[in-house]
Every structure is written in C-alpha cells, then in structure tokens.
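> Take any residue in the sequence shown, count from 1 to its spot, add 11: that is its number in my numbering.
Using N, Cα and C, we set each Cβ at its ideal position, and we do this for glycine too.
The structure follows.
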Amino acid sequence: MQTSHTIMEIMEALVSAQSDTGTPMEQAAAKKIISYFAEDPYFRAHPDCFGMEDTGDFMGRPVVWALKRGTTDRALILTGHYDAVEIDCYGDLKPFALQPQKLREEILRQKLGTPAMQEELASGDWLPGRGTADMKGGLAVGIFKTLTLPEDAETGLLFVAVCDEENISAGMRSAVGLLLQLRERFALTYTAALVLEPQLPLAGKEFMVYNGSIGKIMPVIVARGKLAHCGEPLKGLNAAHLAAEITARIDMNTDLVTEDFGLSSPPPAVQQLRDLKMTYDVSLPALAAVCVNLLFLGGESITENAMKKIRTICEEAVSAVMAKYEAACAFAMQRNLLPESEKLHAAPRVLSLSELEALAAARNTGFDDWKAERARDLKTAIEQGELTLQNASVRYIQQVIEFSGCEEPMVVIGIAPPYYPAVCNAYLEKNGSEIIEKVRDIVEGTYHTPLSVIPYFTGIGDGSYMTCTAPSQERALLTDLMTLPASIYDIPFEASAQLNAPVFYLGPRCRAIHQWCERVYLPDLEHTIPDIIDHILGTKAK
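Here is the structure:
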C-alpha cells in the first residue's frame, strides 16, 4: 500500500497545526491527523477501522485512532501525543515557529544559536520547529507506517494519538479504556506498544531505546501555624517558617533518590512554596503550602516508601522549628517580652490527608455531603480555568482544616495530581525482550550505531499508564493520599493491568525540546525508526 505523503510532509503539516497543551487548540492537530486516514483508500473502504473517540474531555480533545489489520490477530501499537508546548519562547522568531523550513533558513540567516547548532542545521540533517522533536515527528512516522503497511502483513498496526501529555496525560488516561475496547471489538492480541517520543540526549551519539517510564508523585504539604501580630510573633507560629524548613529539607534531598537497574532518579525539587495570605496585613502567615516534584524508579511500593520519608522529614522540620521557637521564647521571657502563659506548649501535629479527613468526619456528621459539594465546586473552578489541579489540591486541604474545627497548628500531607506510576517491562511476565533485539539488529547491524537500552524513560510520559502490576495496591495508595476525588482526577490502574503489553519508548534523536532551538534528527525519522518498525513487524520498507 502506497501513500502520496512522505514522513517529512506529514510532520510539517502537523507542526503547522498549533496545539498548545491544555488548550482547545489541541483539536486542530487531532483534525489534521484524522484527515490522513479519512482520505486513504484502505480506510475509506474500512470506515470502522479509524475514528476520533470522544472520551468526555471537557475541552473536546479526542483520542485519534486507526487500525490497519494484519492477516493474524496480532497488532503493534504506535502511539504518541499531539499537543506541544507554547511558542512564546521563540521571541522574534515566533512567526516561523510552526514553519520548520522557514525557521531553519531564518536561524541560519541571522546566525542564531551556538556554532554547533548552526553546523547541524546547515548539514540538512536537523530540522527546527515547535514539535518537530516533541513529538509530531514521531507521530508522522506512526501515521506513515500505518498508511503504508502492506495488507498481507501478518501483524497489524494500531495507531493512537492522544492529547495533553505535556500537561497531565488526560489523553492517555482515557485512551487505555479505548485500547481495551478495540482489542475486544477486533479480537486483537497486542504484541507491544511503541511510544514514539524523542530520545533524551544524555551523552554521545548512541541511539537509545527505553524499557519503561519513570514515575512521578507530587507531595503537597500545607502547614498551619497560629495567627499573631508580627509585633508579637512568639504568641503565634509562622506557617511560612514551617513551610520553609520543610522545603529546605526536601529540595535536593538525595535520601529521596531511588535506583533501579543501575539508573538513578533525580533528587526532588520544590515547585511551589508560598503562603496563603490573600492580602497584605501585619500578621504572621497562618497557612503556607509546598508542592514537590518527586521522580522515582522501581516497583509499586516505592511511592508508599517515599511518602513515609516525606512524613519523617516533615516531623523533623517541625521539631527543628519548635526548637528554634523555644530558644526564642526563653530569650524573650528573660527580657519580659513574653508571658509564659502566652507561648505555645504543643508542637504542630503531622497528619496525612486521610487522617485529617477522619478527624473532620468524627467532629462533623455531614462531612461526606460537605466533601461531595467541595468536589463539585473545585471541578467547576478547574474546568473554568480558575484553578490548577495543584492549587485546587492546596485549597481542598485548607478547606478540610477549616471544616475540622481544629485550631491548633498542624502539617498536612497529601498527593496532588499528576501521578505517574513507574513502569518497566522487566517486571512484566511478557517483557518484550525480542523487541530490543530487533531494534539492535537495525541500529547496530544496519546503521552501525551503538545502541543504549535505558531501563526507564526519564522524561515522564504516557507509557506510565499502559501497564500496571499491582492495581489494588496502587488504587489504595491513591485513595488514601490523593487530594482530589476520581470525579476530578483518576488513573485507570485496573484497565492498565488488563492491557499490560510491554511499552517501549522509541523515537528520534533530538536537541533542546521545549526550547526555541528544539530540533529533530531527520535520518532517524526518515530511515532508522521506520526500518526498526518494519523489522519488528517482519515487513519490508515501502
């Protein structure tokens, strides 16, 4: 089967459809993708084999899919995301950000970027533009290979394109259920899934394939102090001080680094640290919040262990703050600045969100109805763009603290969205090791390039939702600690466990994704990756 479109033409057309993540603009890319299948002779003859699945996304962003069946029930999944990050960072080059060829010419004409970048673009092997690497180039390969798959191929191709990967992976979390429906509807056996994400250029010129995907949790911590005038600070407790001490102990803490198969996760980074005062006044901040980006590797118990460590760190931070407070009080009382009766005599409690909710429920018989009403309000605010999921998480914890009626200082720990489980094919019964060897055949045997097999893709990605080895354990953990209910944010652990096909990240080499100088290595797009897919399928390139 032939197509009049080349990979390059498809990629440039996709890039031209601006699809900023988390916005309705993503729909433009979805419509462009489906047009290739709608005009193709095979799919016109088989209209039930492609579509735009409405998953109930509140922005109307669909899952685009197309199935080219083989002569057996086997099917290889090719998948990726059609959203891309913003183009404002291109500055004066913004008019060219979605026109790769013109952007390349302009960068060369103005001699922008590093000498290495100039040399790469002048060679013709690299093409800049928003999404060329991340990841409309990979999608173009997937579309092209699906359109050109011979009808006598034994193994078919199921192409799936999703929205929102650069945000909270709403697309893939919805697509997992669709993949199960398609498997049943067409009686398919999924051999593996290839996520056509770009490679992360760690070092050297080797070609990389990833055997899994790193995990991410976002601990959210709300500190409640005690309100007091700033002229009498020891009569209260500064929540900002508590949050700052927690931040200092978590940020870059290597005790929270995890390791698996010789790979290490990065140390954690605090993404938000702020008090929750709405206006200026001469009072201590009574509430402050911390949000942490914590990446992890390994099995399903790692998340639980990480949250236990976070709790211990919070307890140690509270002890350190209270030691400083006691010393300051002793100093003040010696100078008659603070009556003994007005100092704090109890350290703040450290609670998980579920413990705080249990406390609130014990004190208020209407807690369940109140919680359901808060969920509806928060969902509306999120869908109207008034709150991010992270800010909604902080607000919910704050509301539970207030509803509980507890007036004493405390530190409350939960998990805010997004949550990405760590997955690795090595933990699956069918780990797809033969896929790696077929990649090696092409990369090392045909192109004479060293192959690096990386246990986890460390850029965070949709592959996290395509396998699950312990759904009940994952579900219990999230139920206990997630700040927002499933009606707002959910993860399809049970469906992922039913899917459980090995997932590999196999995309082009690239440079500087998310930056104005983002660019993709064209020989990978036009030759290496298509040849690898052909070899996995046992077909010849067209």
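My understanding is that Val-206 touches Ile-540, with C-beta atoms under 8 Å, so please give their C-beta distance in whole angstroms.
At roughly 12 Å, the Cβ-Cβ gap does not stay under 8 Å, so Val-206 and Ile-540 are not in contact.
> For Ala-214, is the classification buried or exposed, using 16 other Cβ atoms within 10 angstroms of its Cβ as the cut-off for buried?
Only weak support exists for where Ala-214 lies, its pLDDT of 49 falling under 50; the coordinates are left without a value.
> In whole angstroms, what is the alpha-carbon distance linking Glu-217 and Met-183?
29 Å
> At which residues does the alpha helix (DSSP H) containing Asn-402 begin and terminate?
400 to 415
> Please classify Ala-28: is it buried, with 16 or more other beta-carbons within 10 angstroms of its beta-carbon, or exposed?
buried
> Let me check understanding here. Comparing Cα to Cα, which of Thr-143, His-538 and Lys-441 lies closest to Tyr-458?
For Tyr-458, the closest alpha carbon among the candidates Thr-143, His-538 and Lys-441 is that of His-538.
> Name the residue from Gln-121, Ser-352, Arg-260 and Thr-550 whose alpha carbon lies nearest to the alpha carbon of Ala-560.
No information on residue 560 is available, as it lies outside the stretch 12 to 553 that the chain covers here.
> Please identify the residue among Met-344, Asp-388, Asp-136 and Thr-290 whose C-alpha is closest to the C-alpha of Pro-534.
Asp-136
> Our contact map puts Leu-253 next to Pro-279 with C-beta atoms below 8 Å; I'd like the distance itself, whole angstroms only.
Actually they do not touch by this definition, with Cβ atoms about 18 Å apart.
> Can you give me the start and stop residues for the beta strand (DSSP E) that Tyr-430 sits inside?
421 to 431
> Measuring CA to CA, which of Thr-290, Ile-321, Ile-453 and Glu-327 is closest to Gly-425?
Ile-321
> Might you give, ordered along the chain, the residues of its own chain that have their beta carbon closer than 6 Å to the beta carbon of Asp-84, omitting 5 neighbours on each side?
Ala-198, Leu-199 and Thr-200
> Measure the alpha-carbon distance for Pro-244 versus Leu-488 and round it to whole angstroms.
38 Å
> So, is Leu-548 buried or exposed, given that buried needs 16 or more other C-beta atoms within 10 angstroms?
buried
> Give me the Cα-Cα distance between Thr-550 and Leu-25, rounded to the nearest whole angstrom.
26 Å
> Put Ile-544 into one of helix, strand or coil per three-state DSSP.
helix
> Nearest by alpha-carbon distance to Val-231: which of Val-405, Asp-262 and Arg-72 is it?
The closest CA to that of Val-231, considering only Val-405, Asp-262 and Arg-72, is found on Val-405.
> Can you tell which of Pro-52, Gly-91 and Gln-38 has the C-alpha that lies nearest to the C-alpha of Asp-65?
Gln-38
> Figure out for me which residue from Ala-506, Glu-116, Ile-465 and His-57 has the closest Cα to the Cα of Glu-130.
Glu-116
> Tell me whether the beta-carbon of Ala-203 lies closer than 8 Å to the beta-carbon of Gly-443.
In contact: Ala-203 and Gly-443 (Cβ atoms closer than 8 Å).
> Would you tell me roughly how many angstroms separate the C-alpha atoms of Ser-275 and Ile-228, rounded to the nearest one?
In this structure, the CA atom of Ser-275 is about 16 Å from the CA atom of Ile-228.
> Among the residues of its own chain, which have a CB less than 7 Å from the CB of Asn-249, if the five just before and after it don't count?
Gly-236, Leu-295 and Pro-296
> Hey, how far is the Cα of Leu-191 from the Cα of Asp-271?
30 Å
> Can you tell me the Cβ-Cβ gap for Met-146 and His-92, rounded? I've got them flagged as a contact below 8 Å.
About 6 Å; that satisfies the 8 Å criterion.
> Kindly indicate the opening and closing residues of the alpha helix (DSSP H) around Asp-380.
378 to 394
> Classify His-240: buried if its beta carbon has 16 or more other beta carbons within 10 angstroms, exposed otherwise.
exposed
> In or out: Arg-374 buried (at least 16 other Cβ within 10 Å) or exposed?
It is exposed - the Cβ of Arg-374 has fewer than 16 other Cβ atoms within 10 Å.
> According to DSSP, is Met-19 helix, strand or coil?
In this structure, Met-19 counts as helix in the three-state DSSP scheme.
> Helix, strand or coil for Ala-214 per DSSP?
At Ala-214 the pLDDT is 49, less than 50, meaning the model places this residue with poor confidence; the figure from the coordinates comes in the next sentence. DSSP places Ala-214 in coil when its eight states are reduced to three.
> Per DSSP, which one or two residues make a beta bridge with Trp-527?
None, per the DSSP bridge assignment.
> In chain order, what residues of the same chain have a beta carbon less than 6 Å from the beta carbon of Pro-496, not counting five sequence neighbours either side?
Ala-386
> Closest to Asp-175 by C-alpha separation, out of Leu-87, Leu-168 and Gly-71, would be which residue?
Gly-71
> Does the beta-carbon of Val-450 have 16 or more other beta-carbons within 10 angstroms, so that it is buried, or is it exposed?
Around the CB of Val-450, 16 or more other CB atoms lie within 10 Å, so the residue is classed as buried.
> Starting from Ile-465, follow its DSSP beta bridges and name the residues at the other end.
Tyr-221
> Could you work out which residue in Lys-354, Gly-226 and Thr-494 is closest to Leu-476 when comparing CA atoms only?
The residue you asked about is not Leu; residue 476 is Tyr in the sequence shown. Of the candidates Lys-354, Gly-226 and Thr-494, the one whose C-alpha sits nearest the C-alpha of Tyr-476 is Gly-226.
> Within this structure, are the beta carbons of Val-11 and Ala-506 separated by less than 8 Å?
Residue 11 cannot be examined here, being either before or after the span of the chain that is shown, 12 to 553.
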